[in-house]
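**Student:** Handing you a structure now.
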Amino acid sequence: MLKNYFKIAIAVLKRRKFFTFISLFGISFTLTILIVATAFIDNATSDNYPEVNRDRSLYITSVQEKGLKNHSQMNSPASFYYLDRYVSTLKTPVKVAISSFYAVTNAYINNKRLAINLKYTNDEFWDVFQYKFIEGKPYTLQQINNGEHVAVISEDTKRDYFGDLPTVVGKYIEADNVQYRVAGVVKSVPVTMPLSYADLYVPYTVSKTDYRQKTLMGNYTAVMMAATKADVPKMKEEYAAIVAKIKPDDKEYDEFISIADTYVASFIRNSPLGSSDESGISKLVMAASIFLLFFMLLPTLNLVNINISRIMERSSEIGVRKAFGASSSTLVGQFIVENLILTFLGCIIGIIISFIILQLMNNTNMIANMHLTINGTVLLYSMAACIIFGLISGVYPAWRMSRLQVVTALKSQ
Amino acid sequence: MIQLKQIEKSYRTDTIETLALNRINLSVFQGEFLSIMGPSGCGKSTLLNIMGLLDAPTKGEVLIDGRLTTHLSDKQLAHFRNQTIGFIFQSFHLINDLRVLDNVELPLLYRKVSASERVQLAKEALTKVGLSNRMKHFPSQLSGGQKQRVAIARAIVGRPQIILADEPTGNLDSAMGNEIMDLLLHLNATEGTTIVMVTHDETMAKKTHRLVRLFDGAQVNDHTLKQVYA
């Protein structure tokens with residue numbers, strides 16, 4: 001029976017090549033976009049080099065001062081002083097990475113300008129983030145306290161600045177007229193991970209701005225790492241308790257707010273979707289679901305339409321099958337199976353195309369140092385979506401078809 | 001075998017009601033080859049469709065093999081048709097996307113028959129109609145007469161007790177038409193299959209056992225040509 005369905009499904013697909021192309025294109029294109037998009041999201045949100053401890057970490061990317069009287073507020077990353085004094089002293093985190101947002105500096109090689117993104121860090125930065133050292137090692141707490149001009153550079157920077165030299169540890173790199181001695185070289189990080197990405201990492205103590213300045217707002221972020229995942233809620237509470245005691249710098253404001261978030265939440269809270277009251281994840285999920293629904297609805301409607309015209313073309317076949325003993329439900333089953341075969345084909349093509357696209361992106365290094373992979377879960381969900389696709393787009397046309405009277409169906413040829 | 005009691009069929013549009021069949025009473029006996037004649041639009045095909053349970057009468061009862069069919073569900077009707085009746089249509093109604101063998105297998109798909117047995121039975125049916133060498137062809141590669149022979153093979157593959165043929169020779173030239181007619185006569189004679197045939201062709205009708213004439217939806221003549229049962 002199934003073999004017979006398969007035969008006729010393939011025959012029908014071959015007969016109407018253009019329709020088949022449109023249907024398959026719709027399904028595979030939609031699926032490709034979904035898979036590639038989720039590969040990006042997956043890459044940006046899941047544990048990735050060097051941010052491997054995301055599930056037991058909390059991120060402090062901003063602080064906020066709020067005025068109740070005139071409803072004014074000010075948002076900014078925190079100062080080094082604030083993070084060092086209030087966050088580093090918390091009991092639950094085992095390590096706290098403090099680093100600045102990367103900023104562009106200029107280096108010159110043979111009178112040619114090279115833009116280098118520089119990040120100031122503390123020593124625990126190298127413990128929270130698991131960088132892979134190609135040579136050398138990170139700078140130590142002592143070097144930081146001594147204010148030594150030492151640096152860790154990325155592999156890309158090594159190639160761009162030093163060329164083909166086999167080892168560069170101990171050599172000097174000059175950025176914004178400051179000479180740093182290279183202590184280590186790490187595998188490069190893609191720019192999509194702003195908290196760990198930089199070309200040049202140097203101790204916060206060599207920063208030109210005074211890191212000891214006693215303000216709350218500045219240019220630093222902190223990542224707190226708990227001993228285990230189970231400690232994360234406790235860590236969040238401990239931070240909240242500390243924050244509640246802090247008064248804003250500015251007399252105009254009454255309230256000081258800062259929340260330690262998970263990785264994804266820390267980004268969304270700073271987007272228009274989030275606020276200090278809620279991270280915005282639920283809003284984002286909702287928005288994404290609605291978007292997805294519409295995105296999938298288009299090819300589904302398209303398929304429904306094509307299926308109706310396709311099935312009505314086969315009214316003679318429907319009439320004959322009914323005359324020779326197919327009940328309406330058997331026919332509905334047949335057409336749904338045929339449609340599932342079509343969507344399944346589209347599904348496979350979509351997966352193949354996605355695979356090719358991701359491989360191309362990886363091989364051409366479209367986004368430097370970013371390696372995209374097809375997520376197994378996504379693949380599974382995509383397959384499930386395909387089957388739902390196939391069912392939804394097949395059921396209505398099949399139902400309409402099954403209501404066709406045999407006599408009418410046979411006459412219309 | 002088939003009993004029609006006070007059959008009426010009317011088609012209703014917004015303004016008028018057309019009576020296609022008017023109080024038809026007709027019995028078809030087992031092993032009989034009956035032909036139905038009449039001018040175009042007199043309700044011949046409608047009558048045949050009602051006999052074949054493809055269409056429901058507005059009034060009246062259809063009994064097949066002594067069984068009342070009025071209240072059968074869609075599923076039961078489908079099963080009943082599958083087991084009891086084979087159809088032959090004027091315009092063949094073969095499925096063009098399927099090979100000859102797959103077309104002939106079709107009625108068996110809706111029975112519990114294994115794939116190998118299906119193929120076996122379909123091959124036998126095709127041999128009976130003399131097309132065993134065309135099994136792998138598609139319908140579009142066949143002549144009209146060959147197509148109709150495939151349709152006959154499809155109608156007989158499930159060994160139904162009744163075959164209903166709606167102008168089976170209507171789309172064929174006389175030579176091919178005669179071939180098809182001979183095939184049906186042979187089937188009736190050797191297998192004892194009850195056949196009801198609608199036709200326009202007087203000479204074809206004369207070859208059958210009994211001729212029923214319809215005019216404007218009513219039965220006007222019932223003429224026994226050959227006495228089958230003494």
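One line per chain: the protein sequences are A and B, in this order. Position 173 (the first sequence) corresponds to 173 in full-length UniProt numbering; numbering is contiguous. Position 162 (the second sequence) corresponds to 162 in full-length UniProt numbering; numbering is contiguous. From the three backbone atoms N, C-alpha and C, an ideal C-beta is built for every residue, glycine too.
Can a CB atom of chain B be found closer than 8 angstroms to the CB of A/N4?
**Tutor:** Indexing the first sequence from 1 puts residue 4 of chain A at position 4. Taking Cβ atoms only, chain B reaches closer than 8 angstroms to A/N4, which makes this a yes.
**Student:** Does the region 118 to 127 of chain A come close enough to the region 95 to 103 of chain A to have 3 or more Cβ pairs within less than 8 angstroms?
**Tutor:** Counting Cβ pairs under 8 angstroms, three or more are found: they touch.
**Student:** With a 10 Å radius around its C-beta and 16 neighbouring C-beta atoms as the bar for buried, classify B/K147 as buried or exposed.
**Tutor:** Counting from 1 along the second sequence, the entry for residue 147 of chain B is found at position 147. Buried, because 16 or more other Cβ atoms sit within 10 Å of the Cβ of B/K147.
**Student:** Going along the chain, which residues of the UniProt domain "ABC3 transporter permease C-terminal" (290 to 405) of chain A sit with their C-beta nearer than 8 angstroms to a C-beta in chain B?
**Tutor:** Answer set for the UniProt domain "ABC3 transporter permease C-terminal" (290 to 405) of chain A: S316, E317, G319, V320, R321, K322, A323, F324, G325, A326, S327, S328, S329, T330, Q405.
**Student:** Taking the beta carbon of A/E237 as the centre, do at least 16 other beta carbons fall within 10 Å, making it buried, or is it exposed?
**Tutor:** Here residue 237 of chain A is taken as the residue at index 237 of the first sequence, counted from 1. Burial call: exposed.
**Student:** Would you report the Cα separation of A/T20 and A/D231, rounded to the nearest angstrom?
**Tutor:** Taking the first residue of the first sequence as position 1, residue 20 of chain A is located at position 20. Taking the first residue of the first sequence as position 1, residue 231 of chain A is located at position 231. So the two alpha carbons sit approximately 54 angstroms from each other.
**Student:** Relative to chain A, which residues along the region 163 to 195 of chain B have a C-beta separation below 7 angstroms, given in chain order?
**Tutor:** The residues in question: there are none.
**Student:** Closer than 7 angstroms, Cβ to Cβ, to anything on chain A: give me those residues from the region 92 to 105 of chain B, in chain order.
**Tutor:** Listed by position along the chain: H93, I95, D97, L98, D102.
**Student:** Check whether the region 347 to 361 of chain A and the region 23 to 32 of chain A are in contact - that is, three or more C-beta pairs closer than 8 angstroms.
**Tutor:** As far as the Cβ criterion goes, the region 347 to 361 of chain A touches the region 23 to 32 of chain A, which means the pair count is three or higher.
**Student:** Give the DSSP bridge partners of B/E8, in chain order.
**Tutor:** Counting from 1 along the second sequence, the entry for residue 8 of chain B is found at position 8. Looking at the DSSP assignment, B/E8 forms a beta bridge with B/K59.
**Student:** Taking Cβ-Cβ distances below 7 angstroms as the criterion, which residues of the region 68 to 85 of chain B are in contact with chain A?
**Tutor:** From the region 68 to 85 of chain B, only D74, K75, A78, H79, R81, N82 have a Cβ closer than 7 angstroms to chain A.
**Student:** Would you mind giving the Cβ-Cβ distance between A/Y201 and A/K69, rounded to the nearest angstrom? I have them listed as a contact below 8 angstroms.
**Tutor:** Within the first sequence, residue 201 of chain A is the residue found at index 201, counting from 1. Within the first sequence, residue 69 of chain A is the residue found at index 69, counting from 1. Not really, about 43 angstroms apart at Cβ, beyond 8 angstroms.
**Student:** In the structure shown, what three-state DSSP assignment does B/F33 receive?
**Tutor:** Within the second sequence, residue 33 of chain B is the residue found at index 33, counting from 1. Note: B/F33 maps to strand in three-state DSSP.
**Student:** Please confirm whether B/T84 and B/D55 have their CB atoms less than 8 angstroms apart.
**Tutor:** Indexing the second sequence from 1 puts residue 84 of chain B at position 84. Indexing the second sequence from 1 puts residue 55 of chain B at position 55. No, these two residues do not count as a Cβ contact at 8 angstroms.
**Student:** If A/S196 sits next to A/I60, beta carbons under 8 angstroms apart, how far is it from one beta carbon to the other, in whole angstroms?
**Tutor:** Numbered from its first residue, the first sequence carries residue 196 of chain A at position 196. Numbered from its first residue, the first sequence carries residue 60 of chain A at position 60. The pair is not a contact, with the Cβ atoms about 15 angstroms apart (cut-off 8 angstroms).
**Student:** Shorter than 7 angstroms, the distance from the beta carbon of A/F133 to the closest heavy atom of the ligand FMN, or not?
**Tutor:** In the structure shown, the ligand FMN is absent, as is every other ligand, since no ligand is present at all.
**Student:** Helix, strand or coil: which one does DSSP assign to A/K95?
**Tutor:** The count along the first sequence starts at 1 and reaches residue 95 of chain A at position 95. Three-state result, A/K95: strand.
**Student:** Is B/L19 close to chain A, meaning its C-beta is less than 8 angstroms from at least one C-beta of that chain?
**Tutor:** Within the second sequence, numbered from 1, the residue matching residue 19 of chain B stands at position 19. Not one chain A Cβ lies under 8 angstroms of B/L19.
**Student:** How big is the Cα-Cα spacing for A/K411 and A/P397?
**Tutor:** If you number the first sequence from 1, residue 411 of chain A lands on position 411. If you number the first sequence from 1, residue 397 of chain A lands on position 397. Their backbone Cα atoms lie some 20 angstroms apart in a straight line.
**Student:** What is the DSSP secondary structure of A/A227, counted as helix, strand or coil?
**Tutor:** Within the first sequence, numbered from 1, the residue matching residue 227 of chain A stands at position 227. Coil, per DSSP.
**Student:** Keeping to the same chain, check which residues put their C-beta closer than 8 angstroms to that of A/G147; ignore five residues upstream and five downstream.
**Tutor:** Taking the first residue of the first sequence as position 1, residue 147 of chain A is located at position 147. Same-chain partners within the cutoff: P203, T205, V206.
**Student:** Closest Cβ-Cβ distance between B/L131 and chain A: below 8 angstroms?
**Tutor:** In the second sequence, counting from the first residue as 1, residue 131 of chain B sits at position 131. So no, B/L131 is outside the interface.
**Student:** In chain order, which continuous runs of the beta strand (DSSP E) of length 3 or greater are located wholly inside the region 182 to 215 of chain A?
**Tutor:** List check, beta strand (DSSP E) in window: 200 to 203.
**Student:** Between residue 414 of chain A and chain B, is the shortest Cβ-Cβ distance under 8 angstroms, so that the two count as touching?
**Tutor:** Outside the displayed span of chain A (1 to 413) sits residue 414 of chain A, for which this structure offers no information.
**Student:** Grab me the residues of B/R23's own chain with a C-beta within less than 8 angstroms of its C-beta, minus the 5 sequence neighbours each way, in chain order.
**Tutor:** Locating residue 23 of chain B in the second sequence gives position 23, where the first residue counts as 1. For B/R23, where only same-chain residues beyond five positions count, the Cβ hits under 8 angstroms are Q6, I7, E8, G60, A218.
**Student:** Compare the C-beta of A/A230 with all C-beta atoms of chain B and state if any pair is closer than 8 angstroms.
**Tutor:** Position 230 of the first sequence, counted from the start, is the residue given in the question as residue 230 of chain A. Not an interface residue.
**Student:** Give a yes or no on whether the minimum CB-CB distance between A/R15 and chain B is below 8 angstroms.
**Tutor:** If you number the first sequence from 1, residue 15 of chain A lands on position 15. True, the Cβ-Cβ gap to chain B drops below 8 angstroms.
**Student:** Comparing alpha-carbon positions, which option in A/M296, A/N365, A/S275, A/V152 lies nearest A/M74?
**Tutor:** Translated into positions along the first sequence, residue 74 of chain A becomes position 74. Here the closest residue by C-alpha is A/S275.
**Student:** In chain A, which residues lie less than 8 angstroms from B/D55 when you measure between Cβ atoms?
**Tutor:** Position 55 of the second sequence holds residue 55 of chain B. Here the neighbours are Q405, V406, V407.
**Student:** Please classify B/N133 as buried or exposed, where buried requires at least 16 other C-beta atoms within 10 Å of its C-beta.
**Tutor:** For the purposes of this step, residue 133 of chain B is identified with residue 133 of the second sequence, where counting begins at 1. Its Cβ having fewer than 16 others within 10 Å, B/N133 is exposed.
**Student:** In chain B, what lies closer than 8 angstroms to A/A11 by C-beta?
**Tutor:** Taking the first sequence and counting its residues from 1, the one referred to as residue 11 of chain A is at position 11. The contacting residues are D97, L98.
**Student:** Quick one: which unbroken alpha helix (DSSP H) runs of 4-plus residues sit fully inside the region 107 to 167 of chain B? Chain order, please.
**Tutor:** Complete alpha helix (DSSP H) runs here, min 4: 115 to 128, 144 to 156.
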